[in-house]
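For the sequence shown, counting from 1, position 192 maps to 192 in full-length UniProt numbering; every step adds exactly one. Single-structure report; data block below.
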Amino acid sequence: MATKVNSCSKCPLATKDQARVILPLPLHHYLAIPRKQKQTRTNLPVSMKTVGAVTINDWLLASTNPLCFSGCTTERAFTTAFGLHTHEATYFETKQRASKSRLHLSPPEESLRCWGSAGGCSLFDLSPSYLLLAILRLELVFPANPEDGWQVFSSAQDTEGRCVCTVVAPQQTVCSRDARTKQLKQLLEKVQNMTQSIEVLDQRTQRDLQYVERMEVQLKGLENKFKQVEDGHESNTARQYKAIKAKMDELRPLIPVLEAYKADARLVVQFREEAANVTALLSSLQEQLGGLDYQDLNSRVANLEERLRACMQKLACGKLTGISEPVTIKTSGSRFGSWMTDPVAPPGDNRVWYMDGYHNNRFVREYPSMYDFMTTDNFTSHRLPHPWSGTGQVVYNGSIYYNKFQSHTIIRFDLSTSLISRTRQLDFAGYNNMYHYSWGGHSDIDLMVDEGGLWAVYATNQNAGNIVLSQLNPSTLQIIRSWTTNHPKRSAGEAFMICGTLYVTNGYSGGTKVYYAYSTNSSTYEYIDVPLTNQYSHLSMLDYNPRDRALYAWNNGHQVLYNVTLFHIIK
1 MATKVNSCSK CPLATKDQAR VILPLPLHHY LAIPRKQKQT RTNLPVSMKT
51 VGAVTINDWL LASTNPLCFS GCTTERAFTT AFGLHTHEAT YFETKQRASK
101 SRLHLSPPEE SLRCWGSAGG CSLFDLSPSY LLLAILRLEL VFPANPEDGW
151 QVFSSAQDTE GRCVCTVVAP QQTVCSRDAR TKQLKQLLEK VQNMTQSIEV
201 LDQRTQRDLQ YVERMEVQLK GLENKFKQVE DGHESNTARQ YKAIKAKMDE
251 LRPLIPVLEA YKADARLVVQ FREEAANVTA LLSSLQEQLG GLDYQDLNSR
301 VANLEERLRA CMQKLACGKL TGISEPVTIK TSGSRFGSWM TDPVAPPGDN
351 RVWYMDGYHN NRFVREYPSM YDFMTTDNFT SHRLPHPWSG TGQVVYNGSI
401 YYNKFQSHTI IRFDLSTSLI SRTRQLDFAG YNNMYHYSWG GHSDIDLMVD
451 EGGLWAVYAT NQNAGNIVLS QLNPSTLQII RSWTTNHPKR SAGEAFMICG
501 TLYVTNGYSG GTKVYYAYST NSSTYEYIDV PLTNQYSHLS MLDYNPRDRA
551 LYAWNNGHQV LYNVTLFHII K
């Protein structure tokens, strides 16, 4: 069966991405807006090859926005379905007068089928439009200008180094259906992204569980030996007795650790089963467009999401070992600015705050959700009582914390009451471009948030212009404790906190990397080498969000997200 097409829009292309990350981005971050298609003539991709072992779980299907293939001549016809079967040479074929193009995918063990319809639309619908490729690496070979078509975003990486990727196909709004269908598709995508997160957490939990199980065996062996010592205590020396008892005391704390990881493992299995049930319900509902309760489905997805988040938070802090490729969320504003979400917001609160510029501005935009931020101008404007300085603002527990323009004063502004809750001066801190980051922009005082709370990064004359790091009380803004480093503030491109460690980049443009780390836990520093893709060549804001476990960046008028890889050790 074939469908004629009469319009000429660009055939989908692809990009290549082999980013290495562990924890996935928040689920709402995957509602990306594909780049606008240009009107041009081109052939279909020559080939698309999968590399590595592929299992039945390697193809996860979602239907978020219909993907339209369109031809460039009236004579070109497209088959309305294609399948992939084990050990079969299958292809998606286009018929043209003098040439034939084929799209090869080989050899998954799970069938993938796409359906097309020409009803009321000049383009060929292909569902699903989002392919979540799990546990494999991609090698994509396509024609020129790949940036205008398929986009590959990194999502997660398993313990064996295999990438879990999200492939986002171009959106064709002319083939979109009613709002009810779109809502279902977005909900289905959310569940499937969460399923990926559960898989990664499952693998990490199983790895840690194996480690603790080995310790359990060792502990049982020592207990048996200790029992033997007790039975024959007349023939044992006191020294032997104490040595064995000391070893047992060292291993005994592992028992509650083992129990906790066993509970986590059971929880992950339960999560996976519930996610599968919700996915099945949504798939059925999508086919029928029938009468399941939207609110109930949304509630179940939100519940699973929060339980997954709570389970992931049990994992201890780790050392930064990798940063993913950037995901551009939006292009808006001037060259400098900041944007953020509240890392301690209650469940369901996904508001986004947006502050354009780096000095003498007072207006803060509040978007209801990440989706609204990405797709609409639906926002509320807050007017601050004093203008801000730099791009080091943060939102924490319902308040904006920022540096007052041309001063070393920190202001806490309550967003719910639109009133100043607290102000405090950072004594001796440089301001008004005295000790800024290397890019300038009145970036003398940079406020940050991590798992430990609120921080301020600045420099003083007393510390010879080197970075000073202070932990602040979020309520009173009093300094809890300060650390002095040997890193010049003016030589730093940007900085962020993760798990009590300050990470500093070597610049703000060109070949950027994270190269300096100062640990507040040990009051020591080290030089590291973690590459950071600087896609738009001018970083003016880089902050870590512990809730999302992601880096928020403002890069030359683009709002960008990075995923991070943290090296985790059980202690």
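All C-beta atoms in this analysis are idealised placements derived from N, C-alpha and C, irrespective of residue type, glycine included.
What are the boundary residues of the alpha helix (DSSP H) that includes residue i?
| i | result |
| --- | --- |
| Thr375 | 370-375 |
On the DSSP letters alone, give me the boundaries of the beta strand (DSSP E) that residue i sits inside.
| i | result |
| --- | --- |
| Arg365 | 363-367 |
| Gln471 | 466-472 |
| Leu532 | Leu532 -> no beta strand (DSSP E), and no H or E assigned at all. |
| Thr417 | Counting along the chain, Thr417 falls outside any beta strand (DSSP E), and DSSP gives it neither H nor E. |
| Tyr552 | 550-555 |
| Thr512 | Element bounds for Thr512: n/a, residue is neither H nor E. |
| Met434 | Here Met434 belongs to no beta strand (DSSP E), and DSSP marks it neither H nor E. |
| Ser381 | 380-383 |
| Val344 | No beta strand (DSSP E) holds Val344; DSSP gives it neither H nor E. |
What do you get for residue i, buried or exposed, if any count of 16 or more other CB atoms within 10 angstroms of its CB means buried?
| i | result |
| --- | --- |
| residue 575 | Here the chain covers residues 1 to 571 and nothing more, so residue 575 does not appear. |
| Gly322 | buried |
| Gln218 | exposed |
| Asn545 | buried |
| Asn350 | buried |
| Tyr527 | exposed |
| Ser443 | buried |
| Lys245 | exposed |
| Asn378 | exposed |
| Val46 | Low confidence applies to Val46: its pLDDT is 32, below 50, so where it sits in the model is not reliable, and the reading given next is rough at best. Answer is exposed; the Cβ neighbour count stays below 16. |
| Glu259 | exposed |
| Leu551 | buried |
| Arg549 | buried |
| Lys330 | buried |
| Asn224 | exposed |
| Gly221 | exposed |
| Ser338 | buried |
| Asn463 | buried |
| Thr505 | buried |
| Lys242 | exposed |
| Ile410 | buried |
| Ala280 | exposed |
Taking the alpha-carbon positions, what's the residue i to residue j distance?
| i | j | result |
| --- | --- | --- |
| Lys227 | Val212 | 23 Å |
| Glu306 | Pro347 | 7 Å |
| Pro531 | Tyr516 | 12 Å |
| Leu267 | Glu274 | 11 Å |
| Lys489 | Tyr435 | 6 Å |
| Gly430 | Tyr401 | 18 Å |
| Asp450 | Cys499 | 6 Å |
| Tyr518 | Pro368 | 36 Å |
| Ala263 | Arg272 | 14 Å |
| Glu366 | Thr512 | 30 Å |
| Arg300 | Ser522 | 43 Å |
| residue 611 | Asp543 | Because residue 611 is not part of the residues shown, which for the chain are 1 to 571, the question remains open. |
| Thr565 | Gly318 | 9 Å |
| Leu133 | Thr417 | Only weak support exists for where Leu133 lies, its pLDDT of 31 falling under 50; the value from the coordinates is given anyway. Straight-line Cα distance between these residues: approximately 45 Å. |
| Thr484 | Glu494 | 17 Å |
| Thr520 | Arg481 | 10 Å |
Strictly by DSSP, which residues pair up with residue i?
| i | result |
| --- | --- |
| Gly337 | Asp356 |
| Val457 | Asp446, Leu469 |
| Leu502 | Met497, Tyr518 |
| Pro488 | Asn466 |
| Thr565 | Gly322 |
| Lys404 | Trp388 |
| Ile479 | Leu472 |
| Asp543 | Tyr552 |
| Thr524 | Ser519 |
| Ile411 | Tyr402, Thr423 |
| Val560 | Thr328, Ala553 |
| Val395 | Ile400 |
When you compare the CB of residue i with every CB in chain B, is at least one pair closer than 8 Å?
| i | result |
| --- | --- |
| Ser523 | No chain B is present in this structure, which holds just one protein chain. |
State the CB to CB distance for the pair residue i and residue j, rounded to an integer number of angstroms; the pair is presumed to be in contact (CB under 8 Å).
| i | j | result |
| --- | --- | --- |
| Leu384 | Val364 | 6 Å |
| Ser537 | Trp554 | In fact, because the Cβ distance is near 13 Å, the residues do not count as touching under 8 Å. |
| Val327 | Val514 | Not confirmed; about 18 Å, so no contact. |
| residue 586 | Gly390 | The chain is shown from 1 up to 571; residue 586 falls before or after that span and cannot be answered. |
| Trp455 | Leu472 | 7 Å |
| His408 | Gln425 | 6 Å |
| Phe428 | Asn466 | Not confirmed; about 13 Å, so no contact. |
| Leu415 | Ser399 | 6 Å |
| Asn563 | Ser324 | 4 Å |
| Asn432 | Gly440 | Contact flag wrong, Cβ pair sits at about 11 Å. |
| Met448 | Met497 | 5 Å |
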